[in-house]
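So the number in this note's numbering is just where the residue sits in the sequence shown, counting from 1, plus 5.
Where a beta carbon is used, it is the ideal one built from N, C-alpha and C, also for glycine.
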Amino acid sequence: MIKKHWKIVTVLAVLILTLGISYFYYYQYVPKTDIVEVTDTIPTPREIVKMYGIPVDSFTVVFDVVKRNQMLLNILSGYHLPEGAIAGLIASDQKVFDLRKIRAGNKYAVFLEKDSAETLRYFVYEHTPVEFVRFSFLDSVTIEIEEKEVINKRQVAIGSIHTSLWNAVVDNGLNPMLANELSEIYAWSIDFFGLQPTDSFCVVYDEQFVDSISVGLGRIHAAYFRHSDHDFYAIPFIQDSVESYYDLEGNSLRKAFLKAPLRFSRISSRFSHSRLHPVLKIRRPHHGVDYAAPAGTPVQAIGDGKIIEAKKGYNNGGGNMIKIRHNSVYTTAYLHLSGFAPGINAGTFVKQGDIIGYVGTTGLSTGPHLDFRFYMNGRPIDPLKVEAPSVEPVHEVNLAAFDSIKTVTLKLLSSFPAID
């Protein structure tokens, strides 16, 4: 019995010893394979950075500006170009981009191969802050005009008038073009030559940015102007596929005529039946309004119409003069011009806001100014007292939609302190 137990113990001991040797051998001598944990994550490829639609990492990029009297071929001659590139450029279609339009001071970029020759493959010229021209010198020469991404940022401008709208905009650190936009929206409703220190404004608008640089203004979403103790609202509304601005009653802010034929000038002499003439030193009628402005200041047609006179010369002291018939009732005249805008002749039809000429001092004049005259049924009237009818108001069928837009606009404006 004892021998039998002894045999069992002996067998178990041999078995344990065998397993121990096998375990030791496996972990000491058998090569191991690393265990990699498998996950669902897929490595993200590195993002390709592009500039002007060109992968930047593939090239050496050099930036510069066009120098004075420098032409495109002069710039390109400083780089190693592929064979036949210049000939291909000269033979390229000039309708895409006129090579003579490259201006001094504008930026450009050249993209060079990362090799010993540093061959030029792309040339990009910034024609405007938004538009650029890409010249490709690969298998053949190609020219493409494209635009940078424009980002609209919602802005709010609030200001008070102390001297002028222009100064109020600049003094508040706002985009100067905002003064132009407001003067166009309220061209008839508000006399910008008669602003008062108690006047104020609030505008909600989009400002356009390219590469973090402001390049202009976008849409005006709402505007309010406090002038001479009266409130002037500008409600944007689309009617007949055209967006315009209306007052609270749905009347268009765009009238038959602009309030003045030029911007940001001053009135130096008013309509009078007996004015002391600055040159002749005698009293005689002055049936117009004189706007003092620098020579060359653009003069606008205050309304649509047909030019019935475009005379150069002395013209009884009026100098170079343009006369526009707007309809069967109203005619306007513009005197002492230095010259006419291109295409302006008797018989030409013009639109409201078109540039027709430039401030001068021709004829009997002591200095550069515009003598602006207004006639009603052939009789001279004071331009500052003309009350022309509005253009079409919001149609009755559109009033419900307009009221909805008006409610949203007023709520937007009321959230700013200028409208308290």
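1. Do you know whose CA, among D234, S188 and A300, lies nearest D204's CA?
2. Counting along the chain, where does the alpha helix (DSSP H) carrying M326 start and finish?
3. With 16 as the cutoff for other CB atoms within 10 Å, does Q99 come out buried or exposed?
4. On the criterion of 16 or more Cβ atoms from any shown chain inside 10 Å, does N332 qualify as buried, or is it exposed?
5. How many Å lie between L258 and S145 at the Cα?
6. Under 8 Å by Cβ, that's how I've got I349 and I240 pegged, so tell me the actual separation to the nearest angstrom.
7. Which whole-angstrom value describes the C-beta separation of G293 and F237, a residue pair presumed to lie in contact below a C-beta threshold of 8 Å?
8. With DSSP as the reference, please indicate the residues paired to L77 in a beta bridge.
9. Could you spell out the range, first to last residue, of the alpha helix (DSSP H) harbouring K416?
10. Can W193 and L263 be called in contact, C-beta distance under 8 Å?
11. Taking buried to mean at least 16 other C-beta atoms within 10 Å of its own C-beta, is I150 buried or exposed?
12. Using alpha carbons as the reference points, say which of S246, N157, R330 and Y130 lies closest to G221.
13. I'd like the span of the beta strand (DSSP E) that includes E212, first residue to last.
14. Answer yes or no: do Y130 and N111 have a C-beta to C-beta separation smaller than 8 Å?
15. Check whether the Cβ atoms of Q213 and G223 lie closer than 8 Å to each other.
16. Find the nearest neighbour of I386 within the set P394, T337 and T124, judged by alpha-carbon distance.
17. Could you check the C-alpha separation between E401 and E254 for me, to the nearest Å?
18. Work out the CA separation of V208 and H232 for me, nearest whole Å.
19. Grab me the residues of S188's own chain with a C-beta within less than 7 Å of its C-beta, minus the 5 sequence neighbours each way, in chain order.
20. Closer than 7 Å by C-beta to Q244: which residues in its own chain qualify, once you throw out the five before and the five after it? Chain order, please.
21. Suppose only complete runs of 4+ residues qualify. What are the alpha helix (DSSP H) ranges in the segment 116-190, listed by chain order?
Working from what's here:
1. D234
2. Per DSSP, M326 belongs to no alpha helix (DSSP H); it is in the beta strand (DSSP E), N325 to R330.
3. exposed
4. exposed
5. 54 Å
6. With 8 Å as the limit, I349 and I240 do not qualify as a contact, their Cβ atoms being about 35 Å apart.
7. With 8 Å as the limit, G293 and F237 do not qualify as a contact, their Cβ atoms being about 27 Å apart.
8. According to DSSP, which records beta bridges pairwise, L77 is partnered with nothing at all.
9. L404 to S419
10. yes
11. exposed
12. N157
13. S205 to V215
14. yes
15. yes
16. T337
17. 11 Å
18. 14 Å
19. L170, F197 and R268
20. V399, H400 and N403
21. 170-176 and 182-190
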